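Heads up: the sequence shown runs through residues 4 to 404, numbered per the working numbering.
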Amino acid sequence: MITLGIETSCDETALALIETADDGRIRPIHSLVHSQAELHSAYGGVYPSLAKREHSKNLVPLLHKLMIEAGAALRQQTLVPSWKASLESCRAHMGAQNPELFEALMAADFLGSKPPIDRIAVTEGPGLEPALWVGIIFARALSEIWNIPIIPVDHMEGHIVGSLLPHDLPFGSWLSLPEVRFPAVVLLVSGGHTELVRMEAIGSYEIIGHTRDDAAGEAFDKAARLLDLPYPGGPHLSRLAHEAREQDIAAPVDLPRPMLGSGDLDFSFSGLKTAVLYAVRDAASGGPLTDGFKRGLAREFEDAVVDVLDRKVCAAIDRTTAGALIVGGGVAANATLRERLSATAQNYGIPLHLPSAHVSGDNALMIALAGTLQTLRDPSSAHTKTPGEIRAFGTKKLGRT
Ligand code: KG4
Ligand code: ZN
4 MITLGIETSC DETALALIET ADDGRIRPIH SLVHSQAELH SAYGGVYPSL
54 AKREHSKNLV PLLHKLMIEA GAALRQQTLV PSWKASLESC RAHMGAQNPE
104 LFEALMAADF LGSKPPIDRI AVTEGPGLEP ALWVGIIFAR ALSEIWNIPI
154 IPVDHMEGHI VGSLLPHDLP FGSWLSLPEV RFPAVVLLVS GGHTELVRME
204 AIGSYEIIGH TRDDAAGEAF DKAARLLDLP YPGGPHLSRL AHEAREQDIA
254 APVDLPRPML GSGDLDFSFS GLKTAVLYAV RDAASGGPLT DGFKRGLARE
304 FEDAVVDVLD RKVCAAIDRT TAGALIVGGG VAANATLRER LSATAQNYGI
354 PLHLPSAHVS GDNALMIALA GTLQTLRDPS SAHTKTPGEI RAFGTKKLGR
404 T
C-alpha cells in the first residue's frame, strides 16, 4: 500500500510517499518540501492569503516532480481516460473555492496516468484555515480523479510520529518504527503550539499541559524580530546564542523563567518576549544595539525557554511515570533544547525520541506516516470523504483519545 502525504497547514508546501507492508514495516519513498519562508519574511510572519496563493501555485508542479523522482516505485501506471470528466464534475465547488488550483489540475495531463498510490493522507488541522483548505481541495480532486480514499491527519500527531523515524532516513529501504515504552511524555514545540501530552499508544493522546499565550516557536520568532533578525527567527536567534557561548559573552540582563512555580504543566511565554522588548528598548536608548548585546541576549533568551521546557518535561515525566520522552515540532531542531532533553532523558534512564533534521520542520512524510499508522489500527478511517467531512477549520486539536 502506498500513501501520498499532503501538508499545507502553514508556509511549507509538502508532498511525500510512504509504502506499508502487511507486517507493519514501512518504506519512505520520497519527500519534497517547498518552503515559502523567504516570501513571508517581508511581512515578518506568515501572511495567510499569500500562503494560500503559493500552495495553489506549487502543489501541481510539486506532485509532478514527486512522481518523476519517485522513479521505480511509481512506474506501474494505469490510464484513466475519464479523469478530466471526473474533475469537471467538481467544478461547481472546487472551481469556485480555488479557481487557480482547479485550472492547474485541469491542465495537468500527467494526472491521466494513475500511479500505484492507494490512499491520500492530508493535514486537516490545526493550521491556517486558507492554507489548509488548499491541501484538502487538492486531496479531494486527486481522490476523485484516481478513485482512492482520503485519510484526514492531525498535524501535531504528524510531528509526534515523525519523531519516531530513524535519523539516517534511508529512502527506499524498509524499516520498522522503534517500540515506544508507553506511557510516553510528548513535548510538542512548534510555531503555533506548545503542549505536553501523555501518550498511551499511537492514536491515544491526552494533553496535560499547554501554553496559555504564545507558543515557544512564536516566542523565538518575536524575540528574534526585536533583535532585527529575519523570519522565521528561531534558527537565527539560536545561531546568535551559539556564538555567545563560543565567545563566552554573558547575558546583559536576567530574563524570567515564567510559570516554573505554577504547580501545573502549563507554559506562558508572552512575558518573556515583553522582557526582551524592555531590555532592547533600554539598550537602544544608549545607541544602536551592539552585536555583543544581541548575542548575549539571544543566549539568555534561549536558556530561559529551554530551562522552562526542561523543568516542565521533568514534572510531566514524574507525574505520568513515563517510559519514554518524545519531542516534536519545529523548535525540536534547537540544539540547546536537544542537548538539555538528552541529559534529562539520561537522568531518568528513559529513551528519547527526537526528530531528525528532515522531519523537525513541517513536511509531508510525517503526515503520510500518521495516515498510514491510522489505517493500520483502524482500516475504516480511510474512506472517500467530502471536504465538509474533513473539518479543516484550524480548530481541530490533538487530544482525542
Ligand atoms: O513545526 P514548525 O515547522 O511549524 C509549525 O507547525 O508551526 O515550527 C516552526 C517554528 C518556528 O517558530 C521556528 O522559528 C521554530 O520552529 N524553529 C526554531 C528552530 N528551528 C525552527 N526555534 C528555535 N531554534 C531552532 N533551531
Ligand atoms: Zn508543524
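Virtual Cβ for every residue (Gly too), placed ideally from N, Cα, C.
Note that the coordinates shown come from a computational prediction; the quantities given were computed from them, not determined experimentally.
On the DSSP letters alone, give me the boundaries of the beta strand (DSSP E) that Val156 sits inside. For the purposes of this step, residue 156 is identified with residue 153 of the sequence shown, where counting begins at 1. It spans 153 to 157 - the beta strand (DSSP E) in which Val156 sits, taken as one unbroken run.
Contact test: Ser193 Cβ vs the ligand ZN heavy atom, cutoff 7 Å: Here residue 193 corresponds to residue number 190 of the sequence shown, with the count starting at 1. Under cutoff, so the answer is yes.
Quick one, which of Ser12, His37, Thr6 has its alpha-carbon nearest Ala24's? The residue you call residue 24 lines up with position 21 of the sequence shown. The shortest Cα separation from Ala24 among Ser12, His37, Thr6 belongs to Thr6.
Quick check on Leu65 - is its C-beta less than 8 Å from some C-beta in chain B? In the structure shown, chain B cannot be found, because there is only a single protein chain.
Are there 16 or more other CB atoms within 10 angstroms of the CB of Gln39, so buried, or fewer, so exposed? Taking the first residue of the sequence shown as position 1, residue 39 is located at position 36. Per the 10 Å Cβ criterion, buried.
In terms of residues, what are the limits of the beta strand (DSSP E) holding Pro31? Taking the first residue of the sequence shown as 1, we reach residue 31 at position 28. Start and end: 29 to 38.
Evaluate Arg215 with the Cβ neighbour count: other Cβ atoms within 10 Å of its Cβ, from every protein chain shown; 16 or more gives buried, anything less gives exposed. Position 212 of the sequence shown holds residue 215. So Arg215 counts as exposed.
Taking C-alpha atoms, which residue in Asn337, Ser116, Lys60, Glu15 lies nearest to Leu131? One-based indexing of the sequence shown puts residue 131 at position 128. If we check each option's Cα against that of Leu131, Glu15 comes out closest.
Here's the rule I'm using: 16 or more other beta-carbon atoms within 10 Å means buried, otherwise exposed. How should Trp177 be labelled? Your numbering for residue 177 matches position 174 in the sequence shown. Burial call: exposed.
With a threshold of 7 Å, establish whether the CB of His58 neighbours any heavy atom of the ligand KG4. Residue mapping note: residue 58 aligns to position 55 of the sequence shown, counting from 1. No; taking the cut-off as 7 Å, the Cβ of His58 has no heavy atom of the ligand KG4 nearer than that.
Taking the alpha carbon of Phe105 as the point to measure from, which residue in Lys117, Asn61, Val83 has its own alpha carbon closest? Here the question's residue 105 lines up with position 102 in the sequence shown. Answer by Cα proximity: Asn61.
For Glu72 and Leu66, I'd like the C-alpha separation in whole angstroms. To locate residue 72, count along the sequence shown from 1; it is residue 69. To locate residue 66, count along the sequence shown from 1; it is residue 63. Spanning the two alpha carbons is a distance of roughly 10 Å.
Alpha carbon to alpha carbon, how far is Ile154 from Leu258? In the sequence shown, residue 154 corresponds to position 151, counting from 1. In the sequence shown, residue 258 corresponds to position 255, counting from 1. Their backbone Cα atoms lie some 44 Å apart in a straight line.
Round the Cβ separation of His245 and Ala227 to the nearest angstrom and send it over; I've been treating them as touching at under 8 Å. For the purposes of this step, residue 245 is taken as the residue at position 242 of the sequence shown. For the purposes of this step, residue 227 is taken as the residue at position 224 of the sequence shown. Not really, about 14 Å apart at Cβ, beyond 8 Å.
Limits of the unbroken beta strand (DSSP E) element including Ser207: One-based indexing of the sequence shown puts residue 207 at position 204. Looking at the DSSP string, the run of the beta strand (DSSP E) that includes Ser207 is 207 to 213.
Three-state secondary structure (DSSP) at Arg394? The count along the sequence shown starts at 1 and reaches residue 394 at position 391. Caution is warranted here: a pLDDT of 46 is assigned to Arg394, below 50, making its placement in the model unreliable, and the coordinate value is therefore given only provisionally. Reduced to three states, the DSSP call for Arg394 is coil.
State the DSSP-derived secondary structure class of Thr435, mapped to helix, strand or coil. Absent from the structure is residue 435, since the part of the chain shown begins at 4 and ends at 404.
For Asp217, verify whether its CB is less than 7 Å away from any heavy atom of the ligand ZN. Taking the sequence shown and counting its residues from 1, the one referred to as residue 217 is at position 214. Result no, Cβ not under 7 Å from the ligand ZN.
Go ahead and pull the three-state DSSP assignment for Phe113. As a position in the sequence shown, residue 113 is number 110, starting the count at 1. Phe113 falls in the helix class under three-state DSSP.
Taking only three categories from DSSP, how would you classify Leu145? As a working mapping, residue 145 is identified with position 142 in the sequence shown. Leu145 falls in the helix class under three-state DSSP.
Mapping DSSP to helix, strand and coil, what is Thr126? The sequence position of residue 126 within the sequence shown is 123, counting from 1. Of the three classes helix, strand and coil, the one that applies to Thr126 here is strand, per DSSP.
Within 7 Å: the Cβ of Asp365 and any heavy atom of the ligand ZN? Residue mapping note: residue 365 aligns to position 362 of the sequence shown, counting from 1. Asp365: yes, Cβ under 7 Å from the ligand ZN.
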